[in-house]
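Visitor: Taken in order, these protein sequences are the chains called P and Y.
In our numbering, each number is its position in the first sequence, counted from 1, plus 2.
In our numbering, each number is its position in the second sequence, counted from 1, plus 145.
For each residue, glycine too, the CB sits at the ideal point set by N, CA and C.
Here you go, one structure.
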Amino acid sequence: MVRDKGKAVRIVVQPWFSCFKRGLGDPVLFLIDTGSTISFLSEIDAKRFGLDYSALKQLPKDKWVTGIGGKLPLYRITDECKLTFQTAGAQTQGKREFRVETLDYFDVVKVELADKELREQILAGVPSILGMDILHNFRFVATNDESYLEI
Amino acid sequence: MSLLAEEQVRFDQAENDKNFVLREFDSLREQFPDQYIGVVNREVKYHNADLDHLLAAIRSEMKTARGVFVFFIPSEHRTIAV
């Protein structure tokens, strides 16, 4: 668990995201967002994985991501996915503990906007999100000094 | 090296690359404003303002973009509207 220090506080975590059926597996940086009811992969991460949106199920509009700029469509990886969390400082402390969250599916956002310039701006600004659907399984602590998920 | 060991190495590498970006963020912002960067082993190996171009450059060398920490560096602080 890392919190970037300085002006803006953004609490991030980097579990291993995997979906064996789709051949996906690599660490993904998620922004912890207690204001989001759902978790999803960003389009940046989807592209990094080489995910083919046409092979995913598009969710109905009432399930899309709603933000200040409007709605963004969500697509669903309808196969089992896992998020593997590792204890912070495992490299230096030599003690590794893991927690695996197994999920029946995982959603992926797509920035579909006709305005190319606006699309580029939004694409760059929408990270992968860890929302309350997963966070509610953890004890999440955020104070002035530190932030962490207990695994 | 077993698959598990390889994944552990990759896990640690990603952690190091993330920490590198967070630690050097101000410097990276000066060097690569409004660009995507691709970090490997605490070094910015790729940078481009266009994500597709960045990923194409990575894949031309590494076949896959997995194993690369891809991050967008805004030129100014932004509020994420999600």
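Can you give me the C-alpha to C-alpha distance between Ile225/Y and Gly127/P, rounded to a whole angstrom?
Guide: Looking up residue 225/Y in the second sequence gives position 80. Looking up residue 127/P in the first sequence gives position 125. For Ile225/Y, the predicted model reports a pLDDT of 47, less than 50, meaning its position is unreliable; a value from the coordinates is still stated below. Roughly 6 Å between the two C-alpha positions.
Visitor: Applying the 10 Å Cβ sphere with the 16-neighbour rule, what's the burial state of Val102/P?
Guide: The count along the first sequence starts at 1 and reaches residue 102/P at position 100. By the 10 Å Cβ count, Val102/P comes out exposed.
Visitor: Under a Cβ-count criterion, where at least 16 other Cβ atoms within 10 Å of its own Cβ denotes burial, should Gln176/Y be classed as buried or exposed?
Guide: Against the second sequence, residue 176/Y aligns to sequence position 31. That one is exposed.
Visitor: Could you compute how far the alpha carbon of Arg107/P sits from the alpha carbon of Thr209/Y?
Guide: As a position in the first sequence, residue 107/P is number 105, starting the count at 1. As a position in the second sequence, residue 209/Y is number 64, starting the count at 1. Checking the displayed sequence, the identity of residue 107/P turns out to be Tyr instead of Arg. So the two alpha carbons sit approximately 23 Å from each other.
Visitor: Classify Ala150/Y as buried or exposed, calling it buried when 16 or more other Cβ atoms lie within 10 Å of its own Cβ.
Guide: Taking the second sequence and counting its residues from 1, the one referred to as residue 150/Y is at position 5. Counting other Cβ atoms within 10 Å of its Cβ, Ala150/Y stays below 16 and is therefore classed as exposed.
Visitor: Does the stretch 14-28 of chain P come close enough to the stretch 151-158 of chain Y to have 3 or more Cβ pairs within less than 8 Å?
Guide: yes
Visitor: So with CB distances below 8 Å, who are the chain Y contacts of Trp66/P?
Guide: Locating residue 66/P in the first sequence gives position 64, counting from the first residue. Correct list: empty, because the minimum Cβ distance to chain Y is about 12 Å.
Visitor: Leaving out five residues on either side along the sequence, give the residues of the same chain with a beta carbon under 6 Å from the beta carbon of Tyr191/Y.
Guide: Locating residue 191/Y in the second sequence gives position 46, counting from the first residue. So the qualifying residues of the chain are Gly183, Leu199, Ala202, Ile203.
Visitor: Let's see if you can read the secondary structure: which residues bound the alpha helix (DSSP H) around Leu61/P?
Guide: Residue mapping note: residue 61/P aligns to position 59 of the first sequence, counting from 1. Note, Leu61/P: premise wrong, no alpha helix (DSSP H); not H, not E.
Visitor: For Asp1/P, report the span of its beta strand (DSSP E) as first-last.
Guide: Residue 1/P lies beyond the residue range present for chain P, which begins at 3 and ends at 153; the question has no answer from this structure.
Visitor: For the beta strand (DSSP E) containing Leu115/P, list its first residue and its last residue.
Guide: Start at 1 with the first residue of the first sequence, and residue 115/P comes out as number 113. Per DSSP, Leu115/P is not a residue of any beta strand (DSSP E), being assigned neither H nor E.
Visitor: Candidates Ser147/Y, Asn161/Y, Glu152/Y: which alpha carbon is nearest Ala90/P's?
Guide: Within the first sequence, residue 90/P is the residue found at index 88, counting from 1. Closest by alpha carbon: Asn161/Y.
Visitor: Which same chain residues, not among the five before or five after Val189/Y, have their C-beta less than 8 Å away from its C-beta?
Guide: Taking the first residue of the second sequence as 1, we reach residue 189/Y at position 44. Taking Val189/Y as the centre and dropping the five residues before and after it, the same chain places the C-beta of Leu173, Gln176, Phe177, Ile182, Gly183 closer than 8 Å to its C-beta, in chain order.
Visitor: Taking Cβ to Cβ, would you say Asp76/P is nearer than 7 Å to Leu61/P?
Guide: Working through the first sequence from its first residue, we reach residue 76/P at position 74. Working through the first sequence from its first residue, we reach residue 61/P at position 59. The sequence given here places Leu at residue 76/P; Asp does not occur at that position. The criterion of a C-beta distance shorter than 7 Å is satisfied by Leu76/P and Leu61/P.
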